[in-house]
Amino acid sequence: MKLAATCRNIRLMAPDDAAVSFFKSPFTAHETGSAVDIAYGDFGSPARSPVDGVVIDTREFETPTPFRYRSFTDHLTAVRCGELIVRILHVKPDVNIGTCLRTGEDFGRFVRSGYFYFWNFSHLHIEVRIHSDYLRAKSDMQLDLPVGVVRRACTGDADENTPDRFDFTGEVVFSCDRYALIDCPDYSTDGHFNGYSVGDFLIDGFIPARDHALHRFGLVGRSRDSPRFESFRSIGNAHLVRSSGVDLRIFDGQSRPLDLAGASFILFFGKPLIKLVPIRYGEDLPQCGDMVSIQMSAHNE
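In our numbering, the protein residues as written are 20 to 320.
Here it is in structure tokens:
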């Protein structure tokens, strides 16, 4: 298990093959830097406890969904860790109140609730709360993000990025009706997380190529320099950027534009990948073996 985040004396742990995001979700707690999503496995597969603690509450509740005549339920598991509570969503628990959990122990299975976009990975949504406030949606107990100084992981190729534009080119290694995954060899690392960077900061979040409900993403890293894209809020070593201030364009191997919803960037313990999202479920996406380029630049009014 590897460290995903900390809050006071609580260490939130993730499997070695997981990916982590602090700012991709529109949940309120992600807006304040108070939540982490830990993605691995698949819907219906086992989920592992991120902490040592005692289960004090489990709840099932209805979630919003765009599909008529269909209801999605989600689940909350509250785990007491000393004086604080770790709140976990998106896992149907198979443990009882009073169960003592150990870090890495299976405690339930991943569910897809109405909170999910069709292109989301299965994941745990995790927050740290005080005992009297673990049910409310809003949270302001900020997490400490273990992201240090970001550097290029691969230095063999010439850097095509400029102060005004960032390019990521790679091969499609997976494609389905929900999304495609791109392996771009020119990635960055802080020695703990791997991802794709803008200057000295790893990108964390969904960046739309057209109008979308997700309106911001994160840039994470420790640097004396300011982010290349203007941020509207700083939270520790993270900076939130409005998507409207960034132009994102996606091209195929012949430099022809692709009409897609956008690209999703998160942080990996292993080799990072970029997710391409179609405008609608099942619409055309690049196929395995295709080359794709993603270009990001500051939006000029």
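The C-beta atom is built at its ideal place from N, Cα and C for all residues, glycine as well. On a predicted model such as this, the values are computed, not experimentally measured, just so you know.
| query | result |
| --- | --- |
| Same chain only: Cβ atoms within 6 Å of I75, ignoring 5 sequence neighbours per side | A97, R99 |
| The region 184-196 touching the region 125-136, judged by at least three CB pairs closer than 8 Å | no |
| CB-CB length for D196 against S53, believed under 8 Å | Rounded, the Cβ-Cβ distance is 33 Å, inconsistent with contact. |
| Three-state secondary structure assigned by DSSP to E50 | helix |
| 3-residue-minimum beta strand (DSSP E) runs that sit fully inside the region 227-286, ordered along the chain | 235-239, 250-254, 257-261, 265-271, 281-284 |
| Touching by the beta-carbon criterion (3+ pairs, under 8 Å), the region 114-130 and the region 56-75 | yes |
| Nonlocal neighbours in the same chain, by C-beta distance under 7 Å from A33, ignoring five residues either side | M20, K21, A23, V39, I57, P69 |
| Per-residue burial, C26 [other beta carbons within 10 Å of its own, 16 or more giving buried] | buried |
| Beta-carbon contacts of T51 that lie in its chain and below 6 Å, excluding the five residues immediately before and after | D159 |
| Which of helix, strand or coil DSSP assigns to M310 | strand |
| Touching by the beta-carbon criterion (3+ pairs, under 8 Å), the region 209-223 and the region 285-294 | yes |
| Whole-number beta carbon distance between Y206 and A257, since they are thought to touch under 8 Å | So it is not a contact: roughly 19 Å between Cβ atoms. |
| Collapsed DSSP secondary structure at S151 in the structure displayed | helix |
| Alpha-carbon spacing of G123 relative to Y59, whole angstroms | 13 Å |
| Sequence-distant residues of its chain with Cβ nearer than 7 Å to G264 (five each side left out) | F248, E249, A317, H318 |
| For S132, the three-state DSSP class (helix, strand or coil) | coil |
| C203 to L304 span [Cα, whole Å] | 17 Å |
| Residue range of the unbroken beta strand (DSSP E) whose run includes H96 | Sequence check: residue 96 is Thr here, not His. Per DSSP, T96 belongs to the beta strand (DSSP E) from 91-100. |
| At least 3 beta-carbon pairs within less than 8 Å: the region 267-282 vs the region 301-315 | yes |
| Outcome for P85 when other beta-carbon atoms lying within 10 angstroms are tallied against a minimum of 16 | exposed |
| Rounded separation between D113 and V192 - CA only | 34 Å |
| DSSP state of V168 mapped onto helix, strand, coil | coil |
| Beta-carbon proximity check, V147 vs V105, cutoff 8 Å | yes |
| Continuous beta strand (DSSP E) stretch holding M32: start and end | 29-33 |
| Which residues DSSP lists as bridging P65, in chain order | R128 |
| C-alpha distance - I149 paired with R243, whole-angstrom precision | 33 Å |
| Cα-Cα separation between A177 and V239, rounded to whole angstroms | Caution is warranted here: a pLDDT of 44 is assigned to A177, below 50, making its placement in the model unreliable, and the coordinate value is therefore given only provisionally. Their backbone Cα atoms lie some 24 Å apart in a straight line. |
| Which of helix, strand or coil DSSP assigns to A177 | At A177 the pLDDT is 44, less than 50, meaning the model places this residue with poor confidence; the figure from the coordinates comes in the next sentence. A177: coil per DSSP, three-state reduction. |
| Buried/exposed call for Y300, threshold 16 Cβ in 10 Å | exposed |
| Under the three-state DSSP convention, the category S141 falls into | coil |
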